[in-house]
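As given, the protein sequences belong to chains A and B, one line each in that order. FYI, our numbering numbers position 282 of the first sequence as 282, with every residue one higher than the one before it. Add 1000 to the 1-based position in the second sequence for our numbering, that's all there is to it. So the structure is just underneath, and the comments pick up after that.
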Amino acid sequence: MSNPYIVLPIILQLVAAVVLMFFWTKTKAQKTISILFSTAAVAVGVYMLHSVWHHGIQITHSGNWKAPFGITFVADLLAMTLILISSIAALGVSIFSAGSMREERLKFGYYPVFHFLVMGLQGAFLTGDIFNLYVWFEVIIISSFVLMTLGGKKAQLEGTIKYVSLNLLASSFFLTGIGFLYGLTGTLNMADLAVKMKLIENSGLVNVTGSLFLVAFGIKSAIFPMYFWLPASYHTPPPAVTAIFGGLLTKVGIYAMLRTFSLIFGGDEFMTFITSIIAALTILAGAFGAMSRKHMSKIFGFLIISHIGFMMVGISIFSEAVLVGTVFYLIHDIIVKTNLFMVSGLVMKINGSQDIKALGGLYQSHPLLSLLMAVPLFSLVGIPPLSGFWAKIFFIQGALSAQNYLLVGSVVIGSFLTLWVIARVWSEVFWKKGENLPKQANGVYFDALSNLQQWAYIVPMLLLSIISLYIGLGAGRIITLSQKIASELVDPSLYIQLVLQNQLP
Amino acid sequence: MKSIIFRTSSKYLLPILLIFSVFILLRGHYLPGGGFVGGLMAALAFILHSFAFGLEETKNIIKIHPGFLMPMGLVFALIAGLAPWIYQEPFMTGLWYGEPLRMIGMVGTALLFDIGVYFVVIGSVLTVMFSIREII
């Protein structure tokens, strides 16, 4: 079905950014506007997911240039689900920033850049053109550079340089891959590519191109040999920025892999072999890294890597059963990881430290807050019936039926190690008797904040915790959704047919 | 810069360059030109003026903060992109006013978009250049 209004999630974020730019120095107005627009974006996301669920895939050709020549935007279930989930996470971060972001940063345009970043994410999910996907990735990267450097501390700049250099490398791999694709097929529209790639006989060249894309998206989503930039940079910016990065940026890489491997490269034994090994090593490397760290944000940074490995399981086996797990995990992970970095930000605000050896006694001093923070922590482990649990069943079932015992083993071990890491964080930070940490004279701590500011910390965590409880307890609905998405990913013929329907035979 | 030749000439160059930048802006779309080049040229005109007369003098001419031009330009570009929605056409579809006007040529959403780009480019280039000059 053709529907010109499906680009609305992108437009809404752009309008938000433009309006915010008019209020450059008025920080109070900026906070209100940003929260209002983010709420509207969630409403639009809900409405459009509902519409796509009932009426099927919707497309629009921007500028009315028909595919495969113009840029097509495709709202299928995967895209719309991710748009909804990412706009919920963005709403959470927007409220969280209102409480936690310093005035100086707000005056240097934190909020407009934040909305440009979210716009890039929505664009990447909606586009049906591989080069346009690259452009959205650039929008995301440039906005994230700005967000990362705002404040200009030494550690931040150091983290940013690692982040920038590796991401630029990834972009050049991506661009090279696109060049190869265009040389092979003469088209950039993903649906058209899906048709034309099947006709190419030189499978060696197709594999080389696929590997270029794997490296490019692999760097962005931090898979095994290419994850070093993430733990080196993610703990440096303020917690609100880390929350949006940890929740969403690596997942765009996974989304791009799902999309390209579903439409363009698929069903190749060589790729399955490589990605299985990468998935297993990513899970283990991330988990071991998390075990060895004592800084809360760094632990969570390594857990991101480990759980990217879980999602790679679906990409490597690419059967419907496992993809249900990957999609479910993607939905769960965006919400939980965003929440988790807010937790570490709040712990930092309460005690002024993130060193789990020095922290302690949080449960005694803030019992209700600790219970709230327990939700994302234990959802991440996947203690049934919390949200992380269901996806892992599908991973293990699917990997068993594909007889890929390497992946079964690494998913099980990875889950255990995650449990161990979270249990350690919980017992050290919340249960252990804490030392009296030295208070810095100029720092404002959580207990000294006004009521409104305290709520700005709590409300987003509450919101995201409720959502992740819903994902866990109402798993039936999410599984139905994931199954439909997975079947569309395994058999994208409807997608291809809809995009190319106006083309001459 | 103290050279009297430079100061006198840049006084006359400012309006000429600005008019030329508008010409380049209008020439765009089908012929080489457009908002980006036009915007760069207009920004250069102001930068040249600031070299000759100093930063304060140029700021007096522009009156508003150049950073303000960026969101303004984005609004123009957004309106150009969204206008086709009124006719239920896809985003960014070109809408044209029937006949070409004298001097200006064909008028349509593409021109509005280019005007938006023109302002964004002037705004961002001038903001960057003024910030650097303030530091030096």
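Think of the CB as a built atom: it goes at the ideal place given N, C-alpha and C, for glycine as much as any other residue.
Buried versus exposed call for residue i [16 or more other C-beta atoms within 10 Å across all chains shown]
i: K107/A; result: exposed
i: G152/A; result: exposed
i: W229/A; result: buried
i: L473/A; result: exposed
i: Q1088/B; result: exposed
i: S297/A; result: buried
i: E103/A; result: exposed
i: Q58/A; result: buried
i: W136/A; result: buried
i: K1011/B; result: exposed
i: P376/A; result: buried
i: N3/A; result: buried
i: L368/A; result: exposed
i: P385/A; result: exposed
i: H332/A; result: buried
i: V113/A; result: buried
i: G247/A; result: buried
According to DSSP, residues forming a beta bridge with residue i
i: A75/A; result: Q58/A
i: V46/A; result: V46/A is not bridged to any residue.
i: G1105/B; result: L1101/B
i: S2/A; result: I59/A
i: W1096/B; result: G1108/B
i: D491/A; result: Beta-bridge pairing links D491/A to no other residue.
i: T127/A; result: F73/A
Straight-line Cα distance separating residue j from residue i
i: I142/A; j: I1086/B; result: 32 Å
i: I10/A; j: G325/A; result: 28 Å
i: I71/A; j: A1043/B; result: 32 Å
i: G414/A; j: G128/A; result: 34 Å
i: R1027/B; j: I95/A; result: 46 Å
i: Q122/A; j: M312/A; result: 22 Å
i: R105/A; j: S262/A; result: 41 Å
i: N339/A; j: V74/A; result: 29 Å
i: I161/A; j: E138/A; result: 16 Å
i: S34/A; j: Y111/A; result: 7 Å
i: A374/A; j: E1057/B; result: 60 Å
i: L464/A; j: E488/A; result: 28 Å
i: L1014/B; j: M119/A; result: 38 Å
i: F1091/B; j: H61/A; result: 8 Å
i: S410/A; j: I283/A; result: 7 Å
i: I1047/B; j: M1129/B; result: 8 Å
Beta-carbon proximity list for residue i, same chain, < 8 Å, skipping 5 on both sides
i: P505/A; result: Only weak support is given to the placement of P505/A: the predicted model assigns it a pLDDT of 46, under 50, and the value that follows is read from those uncertain coordinates. Here the set comprises nothing.
i: I467/A; result: I88 and I335
i: L1101/B; result: V1107
Neighbour flag for residue i against chain B, beta carbons, 8 Å
i: P505/A; result: Only weak support is given to the placement of P505/A: the predicted model assigns it a pLDDT of 46, under 50, and the value that follows is read from those uncertain coordinates. No, P505/A does not count as interfacial toward chain B.
i: G11/A; result: In the sequence under discussion, the amino acid at residue 11/A is Ile, which differs from the Gly named in the question. Judged by the 8 Å Cβ criterion, I11/A is in contact with chain B.
i: S62/A; result: yes
i: A4/A; result: Here the sequence assigns Pro to residue 4/A, which means Ala is not the residue at that position. Chain B contact via Cβ: present.
i: F22/A; result: yes
i: L14/A; result: yes
i: V118/A; result: no
i: V113/A; result: no
i: V7/A; result: yes
Contact with chain A by residue i, beta-carbon distance below 8 Å
i: P1090/B; result: yes
i: G1067/B; result: yes
i: K1094/B; result: Just to set this straight, residue 1094/B is Gly in the shown sequence, not Lys. True, the Cβ-Cβ gap to chain A drops below 8 Å.
i: M1070/B; result: yes
i: L1126/B; result: no
i: L1137/B; result: Outside the modelled stretch of chain B, which goes from 1001 to 1136, sits residue 1137/B, for which no answer is possible.
i: L1078/B; result: yes
Close beta carbons around residue i, own chain, < 6 Å, minus the five adjacent residues each side
i: A256/A; result: F217
i: M226/A; result: G218 and I219
i: V429/A; result: I356, L359 and L362
i: V1125/B; result: A1043
i: L1069/B; result: F1119, I1122 and G1123
i: G45/A; result: I83, L84 and S87
i: P68/A; result: T187, N189 and D192
i: I1019/B; result: none
Amino acids of chain D, ordered along the chain, whose beta-carbon sits closer than 7 Å to that of residue i
i: L1074/B; result: The structure shown contains no chain D; its protein chains are A and B.
Close beta carbons around residue i, own chain, < 7 Å, minus the five adjacent residues each side
i: A486/A; result: E320, L323, V324 and V327
i: K433/A; result: G360 and G361
i: M101/A; result: Y110, P238 and A240
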